[in-house]
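1 is the number of the first residue of the sequence shown in my numbering; add one for each residue after it. Don't be surprised by glycine CBs; every beta carbon is placed ideally from N, CA and C. First the structure, in the form of structure tokens, and then the observations on it.
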Amino acid sequence: MKKSLFILFHFILSVNLFAQINVMSKKIFLDSLNREVTSENYSYTRVITNYSQKSVRYVVTDFYKNGRKKMTGSTLDRDILKKDGEFIYYFKNGSKESVINYKEDHKEGKEINWYENQSKKCEKQNLWNSKTKTLQTLILNFWDENKNQTVVDGNGEYESADNFITEKGTIKNGLKQGLWQGNDTERNITFTENYDNGVLISGIKIDENNIKTSYSSLNKKQTAKNIQR
């Protein structure tokens with residue numbers, strides 16, 4: 001009888017504890033564009049720990065559908081992701097993808113990236129200018145997939161593939177220098193750009209219809225001047 005009461009007591013205690021954890025945390029479903037969706041068509045889930053308690057920071061963790069972590073770090077706002085401090089990102093297989101530091105939702109400080117096989121890919125230094133609201137990223141060291149280091153102490157040849165965009169060129173003192181070439185598979189364009197000390201001087205992009213467009217740092221994301229094919 002005592003044994004049955006003991007088991008019942010621990011069962012009730014476990015249920016209450018689980019209920020408290022659920023009340024304290026919040027779970028939402030997100031699609032691939034970070035938009036909140038229903039549980040029927042989500043890409044991953046997000047759990048905000050201690051959601052019901054007022055706090056300076058809240059631990060936020062994203063999970064893939066396979067249950068493994070996608071991202072973990074701290075947010076200054078429990079309802080809007082405002083990154084602050086160290087964030088760790090993971091590949092779907094559970095291996096570490098990157099460690100990035102943030103300050104009030106802006107990259108600030110050291111950043112390290114790995115390939116999926118866990119060989120080191122890149123070391124960067126992010127510098128956020130709060131006055132001009134601009135981010136400068138210094139490429140400190142870079143290794144290709146064959147573990148060959150092609151950028152050493154901020155100087156060398158760099159190649160990146162970020163989602164739909166691939167590009168390659170020279171790094172000098174941590175910044176882009178000279179001619180850079182790349183392509184954007186999402187927009188079906190190729191581009192050639194010229195940099196000086198990390199600043200875009202000029203660029204030309206060619207779309208799928210072979211239409212060339214010139215641009216500079218002043219109008220890259222706004223209007224551009226068309227030139228003949």
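- In chain order, MET24, SER25, LYS26, TYR58, ARG78 place their CB closer than 7 Å to the CB of TYR51, counting only its own chain and leaving out the 5 sequence neighbours on each side.
- Assignment of beta strand (DSSP E) within the stretch 132-164, counting only whole runs of 3 or more residues, yields 134-143, 149-152, 155-162 in chain order.
- DSSP places ASP62 inside the beta strand (DSSP E), whose first and last residues are 58-64.
- In this structure, the beta-carbon distance from TRP143 to LYS124 does not fall below 9 Å.
- The stretch 81-89 makes contact with the stretch 103-116: 3 or more CB pairs, one atom from each, lie closer than 8 Å.
- Between GLN177 and THR170, the beta carbon gap of about 5 Å places them in contact (Cβ cut-off 8 Å).
- Per DSSP, the continuous beta strand (DSSP E) segment holding ASN126 begins and ends at 120-129.
- A distance below 7 Å between beta-carbons, with the five flanking residues on each side excluded, links ILE48 to the following residues of its chain, in chain order: SER25, LYS26, TYR58, VAL60, ARG78.
- The C-beta distance from SER95 to TYR89 rounds to 10 Å, too long to fall under 8 Å, and the pair is not in contact.
- With 16 or more other Cβ atoms from the protein chains shown falling within 10 Å of its own Cβ, VAL151 counts as buried.
- The continuous beta strand (DSSP E) containing LYS96 extends over residues 96-103.
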